[in-house]
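Asker: In short: position in the sequence shown from 1, add 611, done, that's the numbering used here.
From the three backbone atoms N, C-alpha and C, an ideal C-beta is built for every residue, glycine too.
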Amino acid sequence: QRPDDVQFINVLLDDLATVVNVDQRRIFAAGLSNGGSMCYRLAIELPDRIAAIASVAGTQAIDSEPKRPVPVLHLHGTADRFGRLEGRQRRGIVFPRLKSVQETIRIWCRINECPETPAVSDIPDKVSDGTTVSRHVFGPGVRGTEVVFIEIKGGGHTWPGEPAPADILGPTTFDVSANDLIWEFFQQHPMDSTRF
612 QRPDDVQFIN VLLDDLATVV NVDQRRIFAA GLSNGGSMCY RLAIELPDRI
662 AAIASVAGTQ AIDSEPKRPV PVLHLHGTAD RFGRLEGRQR RGIVFPRLKS
712 VQETIRIWCR INECPETPAV SDIPDKVSDG TTVSRHVFGP GVRGTEVVFI
762 EIKGGGHTWP GEPAPADILG PTTFDVSAND LIWEFFQQHP MDSTRF
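1) Looking only at C-alpha atoms, which of Asn632, Asp616, Leu643 and Arg613 sits nearest to alanine 775?
2) In whole angstroms, give me the CA-to-CA distance for phenylalanine 807 and serine 745.
3) Can you list, in chain order, the residues of its chain with a C-beta nearer than 7 Å to that of valine 753? Leave out the 5 residues immediately preceding and following it.
4) Considering just the uninterrupted stretch of the beta strand (DSSP E) at threonine 715, what are its terminal residues?
5) Give me the Cα-Cα distance between arginine 717 and glutamine 671, rounded to the nearest whole angstrom.
6) Which of the three DSSP states, helix, strand or coil, is assigned to phenylalanine 785?
7) Work out the CA separation of glutamine 618 and serine 732 for me, nearest whole Å.
8) Could you compute how far the alpha carbon of glutamine 700 sits from the alpha carbon of alanine 789?
9) Quick check on aspartate 616: does DSSP put it in helix, strand or coil?
10) Let me know the secondary structure DSSP gives alanine 628 once reduced to three states.
11) From aspartate 791 to proline 771, what distance separates their C-alpha atoms?
12) How many angstroms separate the CA atom of asparagine 645 from the CA atom of leucine 709?
13) Going straight from the alpha carbon of aspartate 674 to that of leucine 624, what length do you get?
14) Among Gly647, Glu656, Ile661 and Met649, which residue has its Cα nearest to the Cα of valine 633?
15) What three-state label does DSSP hand arginine 754 in the structure shown?
16) Ignore the nearest five residues each way along the sequence and tell me which others in valine 748's own chain have a CB closer than 7 Å to its CB.
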């Protein structure tokens with residue numbers, strides 16, 4: 612009657628641990644769009660289970676905060692018509708419950724006690740696809756956490772490194788692979804021993 616997606620995932624993790632060997636220090640969440648927003652919710656509501664999250668084109672939707680800091684990787688295109696980069700709404704597209712990318716990053720920098728000013732570096736423009744990519748690293752924060760924002764200039768509501776399934780989603784970048792960036796980030800951020 613009243614579905615609880617967070618509790619479903621919590622129970623699913625328990626069930627999986629009965630049939631496969633689960634490293635409890637390395638449970639991560641990654642998702643695209645609504646799935647990315649769900650990752651933020653999991654970090655807030657299951658901070659003792661989720662070691663780190665990666666969101667692609669999905670921002671935070673709820674106002675709660677986790678009891679513990681959680682490392683965050685966020686990838687977002689500047690030409691994303693479905694997810695706000697800044698605080699203003701796109702004409703004709705309204706998502707009143709979703710925070711902007713900038714607000715989401717600010718929230719997690721505060722939660723993780725990361726510096727407000729990032730170290731910014733450009734990622735080589737390897738493919739002529741109309742996009743360029745830069746990395747914004749906020750950190751280190753408390754207990755080695757960090758917030759990393761991968762800004763895809765000209766990118767749409769897409770998964771970097773994979774063809775967009777529909778033109779309406781906008782351009783995708785092939786200068787980086789979201790799969791690779793996410794895996795590298797997760798490898799660097801197992802659950803802190805003080806959180807486990």
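Answerer: In this structure, then:
1) Counting from 1 along the sequence shown, the entry for residue 775 is found at position 164. Closest in C-alpha terms to alanine 775, from the list Asn632, Asp616, Leu643 and Arg613, comes Leu643.
2) Counting from 1 along the sequence shown, the entry for residue 807 is found at position 196. Counting from 1 along the sequence shown, the entry for residue 745 is found at position 134. Its pLDDT being 46, under 50, phenylalanine 807 is placed unreliably in this model, and the value from its coordinates should be taken loosely. If you draw a straight line from the Cα of phenylalanine 807 to the Cα of serine 745, it comes to about 33 Å.
3) By 1-based counting over the sequence shown, the position of residue 753 is 142. Within the same chain, Cβ atoms closer than 7 Å to the Cβ of valine 753 are found at Pro680, Asn723 and Glu724, the five residues on either side in sequence being excluded.
4) Residue 715 sits at position 104 when you count from the first residue of the sequence shown. In the DSSP assignment, threonine 715 falls outside any beta strand (DSSP E) and lies within the alpha helix (DSSP H) extending over 712–722.
5) Mapped onto the sequence shown, residue 717 falls at position 106. Mapped onto the sequence shown, residue 671 falls at position 60. Each residue's Cα considered, the two are about 11 Å apart.
6) Looking up residue 785 in the sequence shown gives position 174. DSSP places phenylalanine 785 in the coil class of the three-state scheme, outside both helix and strand.
7) Numbered from its first residue, the sequence shown carries residue 732 at position 121. Numbered from its first residue, the sequence shown carries residue 618 at position 7. Taking the straight line from one Cα to the other gives about 38 Å.
8) Taking the sequence shown and counting its residues from 1, one reaches residue 700 at position 89. Taking the sequence shown and counting its residues from 1, one reaches residue 789 at position 178. Here glutamine 700 scores only 48 on pLDDT, less than 50, and its place in the model is too uncertain to base an answer on.
9) For the purposes of this step, residue 616 is taken as residue 5 along the sequence shown, with counting starting at 1. Note: aspartate 616 maps to helix in three-state DSSP.
10) In the sequence shown, residue 628 corresponds to position 17, counting from 1. Three-state DSSP puts alanine 628 in coil, outside helix and strand.
11) Along the sequence shown, read from residue 1 onward, the residue named residue 791 stands at position 180. Along the sequence shown, read from residue 1 onward, the residue named residue 771 stands at position 160. Distance between the alpha carbons of aspartate 791 and proline 771: 10 Å.
12) Residue numbering aside, residue 645 sits at position 34 when the sequence shown is read from its first letter. Residue numbering aside, residue 709 sits at position 98 when the sequence shown is read from its first letter. So the alpha carbons of these two residues sit roughly 10 Å apart.
13) As a first step, residue 674 must be located in the sequence shown, where it is residue number 63. As a first step, residue 624 must be located in the sequence shown, where it is residue number 13. The straight-line gap from Cα to Cα measures roughly 25 Å.
14) Working through the sequence shown from its first residue, we reach residue 633 at position 22. Selected option, being the one with the closest Cα: Ile661.
15) On the sequence shown, residue 754 is found 143 positions in, with the first residue counted as 1. Arginine 754: helix per DSSP, three-state reduction.
16) Residue mapping note: residue 748 aligns to position 137 of the sequence shown, counting from 1. Contacts found: Pro729, Ala730, Glu757 and Val759.
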